[in-house]
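Participant: Numbering (the numbering used here), first residue to last: 280 to 492.
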Ligand code: GLN
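Written out as structure tokens, the structure is:
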């Protein structure tokens with residue numbers, strides 16, 4: 280069997296989008312728009328063909344359960360631990376976090392990011408909200424901020440020493456909260472870049488995949 284993540288990275292990387300639950304279609308469209316070949320992943324054999332993986336927004340507890348049902352949990356966790364680049368948005372961030380506060384009994388995460396996240400962190404008043412963010416490493420985001428849409432989102436409460444903070448909320452009740460992080464080839468956002476038409480975070484991930492190939 281081909282080892283997970285061993286696909287050769289050419290100028291057009293193949294990026295898998297975990298498609299068990301959540302908004303995988305939006306990620307596929309965004310990845311294709313920035314020149315990657317994007318494929319839905321539901322099976323271990325599909326995982327073995329990708330150069331990077333996106334874990335979409337949705338419901339982390341449901342994705343966790345389905346990962347086990349589809350016997351993908353361990354292969355995916357092992358692939359990420361072995362260096363498969365990964366990008367999680369919202370529920371995907373929760374699944375990549377080493378530690379989760381506010382999870383349900385028995386909820387597991389894949390790991391990959393040495394962070395603690397809090398599920399549904401923003402509270403009732405700001406259950407869903409939108410704001411503009413400057414994101415480190417994103418082209419001209421000082422002049423053209425990233426418009427971030429949060430939907431029952433997590434935030435990051437603690438980061439390990441190897442974790443780079445890419446963005447924090449700038450104003451309002453959640454000011455200062457960390458909402459985008461990167462550790463080596465793994466990145467995550469509390470918000471949903473896949474639904475705004477701003478492709479810069481997907482471009483950043485495709486660049487990470489290409490650079491690590
Ligand atoms: N609240 C969801 C969870 O805990 C995440 C919401 C989202 O992905 N939009 O998984």
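Cβ coordinates follow ideal geometry from the N, Cα and C atoms, glycine included.
1. For the alpha helix (DSSP H) that contains residue 469, what are its first and last residues?
2. Given this structure, state the Cα-to-Cα distance separating residue 412 from residue 402, to the nearest angstrom.
3. Across which residues does DSSP place residue 443 in a beta bridge pair?
4. Have a look at residue 373 and residue 290 and give me their C-alpha separation to the nearest angstrom.
5. Can you look up residue 330 in the DSSP assignment and give me helix, strand or coil?
6. Quick one: is the Cβ of residue 467 within less than 8 angstroms of any heavy atom of the ligand GLN?
7. Can you give me the start and stop residues for the alpha helix (DSSP H) that residue 340 sits inside?
8. By the three-class DSSP mapping on this structure, what secondary structure does residue 292 have?
9. Of all the CB atoms in chain B, is at least one closer than 9 angstroms to the CB of residue 312?
10. Would you say residue 416 and residue 392 are within 9 angstroms of each other, going by their C-beta atoms?
11. Using a Cβ distance threshold of 8 angstroms, determine whether the segment 469-489 contacts the segment 421-432, with at least three qualifying pairs required.
12. Does at least one heavy atom of the ligand GLN sit under 8 angstroms from the Cβ of residue 316?
13. Would you mind stating whether residue 464 and residue 482 have Cβ atoms separated by less than 9 angstroms?
14. Consult DSSP for residue 319 and reduce its assignment to one of helix, strand or coil.
15. Going along the chain, which residues of its own chain have a beta-carbon closer than 6 angstroms to the beta-carbon of residue 387, five neighbours each way excluded?
16. Going by the CB atoms, is the gap between residue 306 and residue 296 shorter than 9 angstroms?
Facilitator: In short, the structure shows the following:
1. Residue 469: not part of any alpha helix (DSSP H); DSSP gives it neither H nor E.
2. In a straight line, the C-alpha of residue 412 is about 20 angstroms away from that of residue 402.
3. Residue pairing by DSSP places residue 443 opposite 461 in a beta bridge.
4. If you take the alpha carbons of residue 373 and residue 290, they lie about 30 angstroms apart.
5. In the structure shown, residue 330 sits in coil (DSSP, three-state: anything other than H, G, I, E or B).
6. Because no heavy atom of the ligand GLN lies under 8 angstroms away, the Cβ of residue 467 does not count as near it: no.
7. 339-348 is the span of the alpha helix (DSSP H), which, as asked, contains residue 340.
8. Here residue 292 sits in coil by DSSP.
9. As a matter of chain content, chain B is missing from the structure shown, which is built from one protein chain.
10. Going by C-beta atoms, residue 416 is not nearer than 9 angstroms to residue 392.
11. Using a Cβ-Cβ distance cut-off of 8 angstroms, the segment 469-489 and the segment 421-432 are in contact, since at least three pairs of beta carbons, one from each stretch, lie closer than that value.
12. Flag unset: Cβ of residue 316 not near the ligand GLN.
13. No.
14. In the structure shown, residue 319 falls within a strand segment according to DSSP collapsed to helix, strand and coil.
15. Excluding sequence neighbours, residue 387 sits near 343.
16. For the 9 angstroms CB-CB criterion, residue 296 and residue 306 form a contact.
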